[in-house]
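*Asks:* In this note's numbering, the protein residues as written are 9 to 144. Think of the CB as a built atom: it goes at the ideal place given N, C-alpha and C, for glycine as much as any other residue. As the structure is a computational prediction, the values presented were derived from the model and not from experiment.
#1: Considering only the alpha carbon of each residue, which of 134, 98, 137 lies closest to residue 121?
#2: Taking the alpha-carbon positions, what's the residue 95 to residue 89 distance?
#3: Under a three-way DSSP split, which group does residue 113 fall into?
#4: Can you give me the Cβ contacts of residue 108 inside the same chain, cut-off strictly under 6 Å, excluding the 5 residues immediately before and after it?
#5: Entirely within the stretch 67-122 and at least 4 residues each: give me those alpha helix (DSSP H) ranges in chain order.
#6: Out of curiosity, what's the CA-to-CA distance linking residue 71 and residue 105?
#7: Leaving out five residues before and five after residue 66 in sequence, what residues of the same chain have Cβ atoms less than 6 Å from its Cβ?
#8: Buried or exposed for residue 83, going by 16 or more other Cβ atoms inside 10 Å?
#9: Can you tell me where the alpha helix (DSSP H) with residue 125 in it begins and where it stops?
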């Protein structure tokens, strides 16, 4: 159009009469439904957040949350083909702590923070299971 001295028409559509009408951006009229929250069970809410955002967060609520955290880290590592990459796992874990768990983690001996096996032991010791009975 510019080569023939005509103005360039941008972001317009042709009307039935041949003139140009500005395009209106599409509007979103429907919002996807929000996921249903569990009935106040904090651990289930944390699991739901993890599923929806992909973030792994550990607050140190109890032993059950601790076990799910360790499992979530291992699953994430496996999905990324990093299950045997201790440095990758520790980098993931280091940014996952929040609240009291972050304070606890920060005060850990650097030798424990830099060894995934020792860190798992420290986590399970600090956040023990409420029922230490045998697995069924």
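*Replies:* Quick answer:
#1: Here residue 121 refers to the residue found at position 113 when the chain shown is read from its first residue. When each option's Cα is compared against that of residue 121, the closest is 98.
#2: The count along the chain shown starts at 1 and reaches residue 95 at position 87. The count along the chain shown starts at 1 and reaches residue 89 at position 81. If I take the Cα positions, the gap works out to 13 Å.
#3: Here residue 113 corresponds to residue number 105 of the chain shown, with the count starting at 1. DSSP places residue 113 in helix when its eight states are reduced to three.
#4: Reading the chain shown from its first residue, position 100 is the one you call residue 108. Once the five neighbours on either side are set aside, the close Cβ partners of residue 108 are 68.
#5: 71-87, 94-102, 108-115, 118-121
#6: Counting from one through the chain shown, the residue named residue 71 turns up at place 63. Counting from one through the chain shown, the residue named residue 105 turns up at place 97. The straight-line gap from Cα to Cα measures roughly 15 Å.
#7: Looking up residue 66 in the chain shown gives position 58. A distance below 6 Å between beta-carbons, with the five flanking residues on each side excluded, links residue 66 to the following residues of its chain, in chain order: 77, 104, 105, 109.
#8: Numbered from 1 along the chain shown, position 75 holds the residue referred to as residue 83. Classification of residue 83: exposed, given that the 10 Å Cβ count is below 16.
#9: Here residue 125 corresponds to residue number 117 of the chain shown, with the count starting at 1. Counting along the chain, the alpha helix (DSSP H) containing residue 125 begins and ends at 124-134.
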